[in-house]
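So the structure is just underneath, and the comments pick up after that.
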Amino acid sequence: MTSAKRVLLVEDDAMLRDSLAEQLAQESAYEVVTAPDCTTARAAATDGLYEFMILDVGLPDGDGRELCQALRASGVTCPIVLLTAADSDADTILGLASGANDYITKPFRFAVLMARLHAHLRSHDRNEEAMYKIGPYTFRPSAKVLVDAAAHKIRLTEKETNILKYLYRMGETVPRETLLNEVWGYNPAVTTHTLETHIYRLRQKIEENPGEARILVTESGGYRLMP
Numbered sequence: 001m002t003s004a005k006r007v008l009l010v011e012d013d014a015m016l017r018d019s020l021a022e023q024l025a026q027e028s029a030y031e032v033v034t035a036p037d038c039t040t041a042r043a044a045a046t047d048g049l050y051e052f053m054i055l056d057v058g059l060p061d062g063d064g065r066e067l068c069q070a071l072r073a074s075g076v077t078c079p080i081v082l083l084t085a086a087d088s089d090a091d092t093i094l095g096l097a098s099g100a101n102d103y104i105t106k107p108f109r110f111a112v113l114m115a116r117l118h119a120h121l122r123s124h125d126r127n128e129e130a131m132y133k134i135g136p137y138t139f140r141p142s143a144k145v146l147v148d149a150a151a152h153k154i155r156l157t158e159k160e161t162n163i164l165k166y167l168y169r170m171g172e173t174v175p176r177e178t179l180l181n182e183v184w185g186y187n188p189a190v191t192t193h194t195l196e197t198h199i200y201r202l203r204q205k206i207e208e209n210p211g212e213a214r215i216l217v218t219e220s221g222g223y224r225l226m227p
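Numbered by the numbering used here, the letters in the sequence shown go through residues 1 to 227 in order.
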């Protein structure tokens, strides 16, 4: 069972690949899956959902833009950023036309890469096609549904959906008051008891044993989704 935010990093330069993987792991405790070429990347891309993908254009066995296009055709909807050593309008146009969300020229600052990725993630969150992995479920916020491995659907209320979305995006323990304000807004008529009631009902839906939560747990005065 995992709700870790996985990213796919495809880069044939081993030094750059290792450096980016290390920084990504530190940035938000991402689980980084790396690949040095198109062949390995295609195999890795079929192994579940990813938070986002970073693809180098110049790969030893193909073009990252063609890989991006193939991934989009296979149903990948997460943000994809292309990395390239080229710097021309024509290359940028080709990159974006392949289905990439962004096209970044080397060398680049890691902070700039992450700022642009976070911007695309915020936009992706509002996309009807957005999907995330939470425990054994595929989470589709726009449809307010969780789908298990047997394709059984668990319907969620709007508030349950928003609770899961916020906890997933934060990736850490969120205090009760913070979660309450984020989901219900600053409403003095709504108390933490309201939140606790929704958490209880949500656990009844998603936990194998609601009395011993393993997906949506209580920690240090708040809640978090467990990796």
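Just so it is clear, CB atoms sit at the ideal spot from N, CA and C, and this is done for glycine as well.
Secondary structure at residue i, three-state DSSP: helix, strand or coil?
{"i": "K144", "result": "coil"}
{"i": "K205", "result": "helix"}
{"i": "V112", "result": "helix"}
{"i": "P227", "result": "coil"}
{"i": "A35", "result": "strand"}
{"i": "I215", "result": "coil"}
{"i": "M1", "result": "Here the model assigns M1 a pLDDT of 39, short of 50, so the residue's position is not dependable and the matter cannot be decided."}
{"i": "T161", "result": "helix"}
{"i": "L83", "result": "strand"}
{"i": "D18", "result": "helix"}
{"i": "V7", "result": "strand"}
{"i": "Y168", "result": "helix"}
{"i": "D125", "result": "helix"}
{"i": "T194", "result": "helix"}
{"i": "Y200", "result": "helix"}
{"i": "T77", "result": "coil"}
{"i": "A45", "result": "helix"}
For residue i, does the count of other Cβ atoms within 10 angstroms reach 16, so buried, or fall short, so exposed?
{"i": "D89", "result": "exposed"}
{"i": "F52", "result": "buried"}
{"i": "R65", "result": "buried"}
{"i": "A315", "result": "Nothing about residue 315 can be reported from this structure: the residues present for the chain run from 1 to 227 only."}
{"i": "V112", "result": "exposed"}
{"i": "I93", "result": "exposed"}
{"i": "K153", "result": "exposed"}
{"i": "H198", "result": "buried"}
{"i": "P141", "result": "buried"}
{"i": "E129", "result": "exposed"}
{"i": "T2", "result": "Here the model assigns T2 a pLDDT of 43, short of 50, so the residue's position is not dependable and the matter cannot be decided."}
{"i": "A189", "result": "exposed"}
{"i": "R224", "result": "buried"}
{"i": "R6", "result": "buried"}
{"i": "S19", "result": "exposed"}
{"i": "T191", "result": "exposed"}
{"i": "E11", "result": "buried"}
{"i": "D56", "result": "buried"}
Am I right that residue i and residue j are in contact with their C-beta atoms under 8 Å? What's the rounded C-beta distance?
{"i": "A21", "j": "L9", "result": "6 Å"}
{"i": "K144", "j": "L156", "result": "5 Å"}
{"i": "L82", "j": "G62", "result": "About 13 Å; that fails the 8 Å criterion."}
{"i": "G222", "j": "P175", "result": "4 Å"}
{"i": "H124", "j": "C78", "result": "7 Å"}
{"i": "L121", "j": "I163", "result": "Incorrect: roughly 19 Å between the Cβ atoms, too far for contact."}
Name, in chain order, the residues that DSSP records as bridge partners for residue i.
{"i": "P175", "result": "G222"}
{"i": "K153", "result": "V147"}
{"i": "K133", "result": "T138"}
{"i": "G64", "result": "Partner(s): none; G64 has no beta bridge."}
{"i": "Y50", "result": "According to DSSP, which records beta bridges pairwise, Y50 is partnered with nothing at all."}
{"i": "L55", "result": "V10 and L82"}
{"i": "D89", "result": "According to DSSP, D89 bridges with nothing at all."}
{"i": "T105", "result": "T84"}
Exercise for the section: Mind the definition here: the segment 204-216 touches the segment 131-140 only if three or more C-beta pairs lie below 8 Å; say whether that holds. Expected result: yes
Exercise for the section: Pair every Cβ in the segment 68-78 with every Cβ in the segment 42-49, then say whether three or more of these pairs are closer than 8 Å. Expected result: yes
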